[in-house]
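Heads up: the protein sequence lines correspond to chains G and C, in order. Numbered per the numbering used here, the first sequence finishes at 1363, counting up by one with no gaps. Numbered per the numbering used here, the second sequence finishes at 1363, counting up by one with no gaps. Glycine is no exception: its CB is placed at the ideal position from the N, C-alpha and C atoms. All of these numbers come straight from a predicted model, not from anything done at the bench.
There are 2 protein chains.
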Amino acid sequence: MNPGPILFVVSVTMIAMGDLMLIPALVGFLGGTQDYEPFLESAGLTLIPALLLYLIFRRPGIAIHPRQAFLITTMVWVVAGVSGSFPFVLHEHISFTDAFFESMSGITTTGSTVLVGLDQMSHPILLWRSLLQWVGGLGFMLMAVAILPLVGVGGMRLFRTESSDWSDKTLPRTRDVAARIGALYVALSVLCAFCYWLFGMSAFDAINHAMTTVSTGGYSTSDASMGKYDATGMLWICTLFMVLGSLPFLVLLQALRVGPQALFRDDQVVFFGGMIILVTLLGTSMYETGSGSTVRAWTVVTFNMVSTITTTGFVSTDYSLWGGFFVAAFLFLMFTGGCSGSTAGSVKAFRIQIALKMLSTQIKKLIHPNGVFVVRMHDRMVDPSITSALVAFFFAIGLTVIGLTVALGAMGLDLITALSSAATAVTNVGPGLGDIVGPAGNFAPLPGLAKWLLALAMLLGRLELMTVFVLLTRAYWRG
Amino acid sequence: MNPGPILFVVSVTMIAMGDLMLIPALVGFLGGTQDYEPFLESAGLTLIPALLLYLIFRRPGIAIHPRQAFLITTMVWVVAGVSGSFPFVLHEHISFTDAFFESMSGITTTGSTVLVGLDQMSHPILLWRSLLQWVGGLGFMLMAVAILPLVGVGGMRLFRTESSDWSDKTLPRTRDVAARIGALYVALSVLCAFCYWLFGMSAFDAINHAMTTVSTGGYSTSDASMGKYDATGMLWICTLFMVLGSLPFLVLLQALRVGPQALFRDDQVVFFGGMIILVTLLGTSMYETGSGSTVRAWTVVTFNMVSTITTTGFVSTDYSLWGGFFVAAFLFLMFTGGCSGSTAGSVKAFRIQIALKMLSTQIKKLIHPNGVFVVRMHDRMVDPSITSALVAFFFAIGLTVIGLTVALGAMGLDLITALSSAATAVTNVGPGLGDIVGPAGNFAPLPGLAKWLLALAMLLGRLELMTVFVLLTRAYWRG
């Protein structure tokens, strides 16, 4: 395999990451402290080798073989995670293990953290965390729309071939689609920041939380996460933008053109909306209101559940104290996720939807053995190659969670900590369950090896698992 | 739907159960105590309505429509569970909830128990528990070989069409196959009892444990389960017969005719054997031997792991104290199971095998998008109707465990108790994890509703889920 194109893409990624570090450096510089120095050093560490690689491997008209895309895509995220960790090492003086965990958790929009004392931290480092998630969210969406379909991973094939509405009869060029998605992403982020500010956040907090809300990332500027701003209105604003970040951006773009009916015509969006309403109403009915009002209960339950469903991972309170129903529910809600073509991770609505349809089709077949039943979506038959890809995804995520839980157990973690860490990492949610990694906890006390494995799981989850699984076979590297 | 044939089969089931009660009655009578009375009462309660039903609904040449088989099969197990509970109510004076749980756990060969003080209990009631499992194991095997394939549930179709060896070119009549399976089952049970007795069990304990070993049930005559007889030799004998009970009986019959190479030629058996060796060696390497010998460690780890893999559920010690690796491992081992066509429950080896092959096929497809790859077993392509049935099974078991865990959580159970109870019930294993339902615990303290739900889950698991799922649809009852 020719390493030239791979190293070229790596160099471009590093240049982008290095440039990104100049933003917190500038903020630090304008703030009048010495805070900017670690960011300049990190930028130098990233940009100097990056430019060397760039100059060596730049070729006019680089051609990438589809098969190389698996390795390149994985390398891009690994390199982004590694360079993203430099500011944490140089600014916070934490170990590379912790820094890599924090960086990978950021860039994959997971949101698990090993940092304590966020409320006292300087603006540049908090901004760096938010930027990682914001860029990671956009990067994931563009990857899901532009790259993964080329190599047959992820669910966008389903929507590419079957929803012809958004294309206006002619498929727009990928670059054009990417630009429109980017513009919408920026616009949503600005709007979200403005709303947060309007509802009482400081400008800095509003900008940071907007970046980590729209990207469904979940990093906060406070150890209390959204618990710092848990007024009813604020939680609903956050809920709204987490949901928007979890909708397919192509459908959102269409809705902007033809009106909100575009949303109601999309099978996946309708299913996702229905799932949220059903789960949050059930949750509210199970919540012990005590002396609080029903509206407040509805708000708090909906906010925290939507935060998990959309794989954001903000928390407004320690929901693990709400009782057995909620602990179990929050574990399994990690395996839902937003829509395909959004910033959200995990299983995603369309996979759950098709899985339920496959189950229902199978039951119909048992009742009418001679009948012919097919799984449909958007009024068309779902191609068997899509259902088999989907089944492989379920097996892959199942095996990953099982293997990782057992490995974490072997490191001495109790079952709930091991299982929920494994689940929250591979689904890119953020908080786990239990005293250590739960909503009131922090990933810092975990052993170093556990942090590396969890960071790897975040990467696996972000790359829809199969992208990385392919790299682990001999067949990929042969021939 | 004509209820006649259904009620006829129900009556036959009740007659069989009523007759079965005469065995512990006789044992009690010969023992010279009044212990036989509750069994005679139970037999009367079962036989009198059964004979009435039988006389009313007996028809010459009863024809059963394949579609009725779903309801009839489910009814048979429910009726067996209900009538099996009578002796527990009348002899042990426990609530009907507890009695039904115990009876269902017996007849489905699960092995979870609500009874404490087994060591002090009288012989007839201990024998009744063992008989329930022994009959349940045989009943399940015959159902899997003779009935489920007719309605398209379970994996036997795969072996029926693809393994022509055991049929000697002509498919033997079902009745003949059933008779041979029954004879082998009796022979294995006798041999197992003899070995137990030879290695030091009392005759009564040997007979009871033999019945619950070969049926992969796991009921014991002691609260300590096999901890009462945890000598190295005894544990290996038990391990051997648990494995034998988990092998496909048709392949065992063939091995008796043509020699042990029949076992090595069977894909599923080879995979199952490999899985056991791999898992138990890994387990042994993770076990903290302390002052004990390696052989002892190997014995204890292998015994308890094989007991879970084969869905038997005997325990020789409280393995939940072995550390995080084992707690996680025992949770996931519940979802393995023995071979199709054996007494074992759970997912079963062939489904894991095909799932892994589907995953590997999908990865190959990603690497070579234009290649044609098929899932093979026994050197033949696995029919897509079988893979889609298998996928539906995975979704069904996943949804059942999720739903049940959340429901148990809502009743106040902690996550580990809820999750492991749900898992151990639907996989027909027996012990769960945690202080309450773990290897050292007992299901008695659970709330009544939890016991009903778990008994239902045992039934679901034993009927390969889909048999019951079909009954829950409107389409089944229409037309």
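Contact annotation for Tyr-1360 (chain G) against chain C: Ile-1251 [CB-CB distance below 7 Å, chain order]. Residue environment for His-1252 (chain G): exposed (fewer than 16 other C-beta atoms within 10 angstroms of its C-beta).
Taking a 10 Å sphere around the C-beta of Pro-887 (chain G), we find fewer than 16 other C-beta atoms and assign the residue as exposed. One finds nothing in chain C with a Cβ atom closer than 9 Å to the Cβ of Gly-1001 (chain G); even the nearest lies about 29 Å away. Taken atom to atom, the span from the alpha-carbon of Arg-951 (chain C) to that of Trp-1018 (chain C) is near 28 Å.
Contact between the segment 985-993 of chain G and the segment 951-970 of chain G is present: 3 or more CB-CB pairs across the two stretches fall below 8 Å. Here Arg-1264 (chain C) is bridged, per DSSP, to C:Met-1261. Cβ proximity to chain G below 8 Å picks out Pro-950, Arg-951, Phe-954 from the segment 942-962 of chain C. Arg-1064 (chain G) and Leu-1137 (chain G) do touch by the CB rule: their CB atoms are close to 6 Å apart, below 8 Å.
Close to chain G, meaning a Cβ-Cβ distance shorter than 8 Å, is no residue of the segment 1326-1345 of chain C at all. Listed along chain C are Phe-1216, each with a C-beta nearer than 7 Å to that of Ile-1286 (chain G).
Judged by their CB atoms, Ala-953 (chain G) and Leu-891 (chain G) are not nearer to each other than the 8 Å cut-off. Chain C places no beta carbon closer than 8 Å to that of Val-1163 (chain G), leaving this residue out of the contacts. Bounds of the alpha helix (DSSP H) holding His-975 (chain G) are 952-976. Cβ contact annotation for Thr-1196 (chain G) (same chain, cutoff 6 Å, sequence separation greater than five): Thr-1100, Gly-1102, Met-1126, in chain order. In terms of CA proximity to Ala-1077 (chain G), G:His-1093 leads the group G:Tyr-1069, G:Ala-1067, G:His-1093. Using beta-carbon distances, Ser-989 (chain G) does not count as an interface residue toward chain C, since no partner is under 8 Å. For Asn-1188 (chain C), the closest C-alpha among the options C:Gly-1023, C:Ile-1009, C:Ile-1160 is that of C:Ile-1160. Take Asp-1089 (chain G), set aside five residues on each side of it, and the residues of its chain with a beta-carbon closer than 6 Å to its own are Thr-1105, in chain order.
For Phe-1216 (chain G), the enclosing alpha helix (DSSP H) starts and ends at 1208-1217.
With contacts defined by Cβ atoms closer than 8 Å, Met-1350 (chain G) and Ser-1272 (chain C) do not form a contacting pair. Rounded to the nearest whole angstrom, the C-alpha separation of Ile-1091 (chain C) and Cys-1079 (chain C) is 10 Å. Residues Leu-1303, Ser-1304, Ala-1307, Leu-1317 of the same chain have their beta carbon placed closer than 8 Å to that of Leu-1215 (chain C), with the five preceding and five following residues left out of the count. Per DSSP, Phe-1083 (chain C) lies in no alpha helix (DSSP H) segment and is marked neither H nor E. A distance of 8 Å or more separates the beta carbons of Gly-968 (chain C) and Ala-934 (chain C). Its chain contains Phe-1083 as the residues whose beta carbon lies nearer than 6 Å to that of Gly-1117 (chain C), once the 5 sequence neighbours on both sides are disregarded; these appear in chain order. No Cβ-Cβ contact shorter than 8 Å links Met-1218 (chain G) with Thr-1186 (chain G). Runs of the alpha helix (DSSP H) spanning 4 or more residues and lying entirely within the segment 1132-1204 of chain G occur at 1133-1142, 1145-1148, 1151-1170, 1178-1193, in chain order. With the criterion set as a beta carbon lying under 9 Å from some beta carbon of chain G, the members of the segment 1223-1250 of chain C are Ala-1239, Leu-1240, Met-1242, Leu-1243, Ser-1244, Thr-1245, Gln-1246, Ile-1247, Lys-1248, Lys-1249, Leu-1250, in sequence order. Leu-1010 (chain C) and Arg-1235 (chain C) have their C-alpha atoms some 34 Å from each other. Listed along chain C, no residue sits closer than 8 Å to Gly-1101 (chain G) by beta-carbon distance, the nearest being about 26 Å off. Taking the Cα positions, Ser-1230 (chain C) is about 49 Å away from Ala-947 (chain G). For Phe-972 (chain C) and Ala-1181 (chain C), the gap between their C-alpha atoms comes out near 38 Å. Shown in chain order are the members of the segment 1300-1319 of chain C whose Cβ falls below 8 Å from a Cβ of chain G: Ile-1300, Ala-1302, Leu-1303, Leu-1317. A check of alpha carbon separations from Met-1095 (chain C) across C:Gly-912, C:Glu-976, C:Leu-1128, C:Lys-1112 identifies C:Leu-1128 as the nearest. For Val-1037 (chain G), the nearest CB of chain C lies under 8 Å from its own CB, placing it at the interface with that chain.
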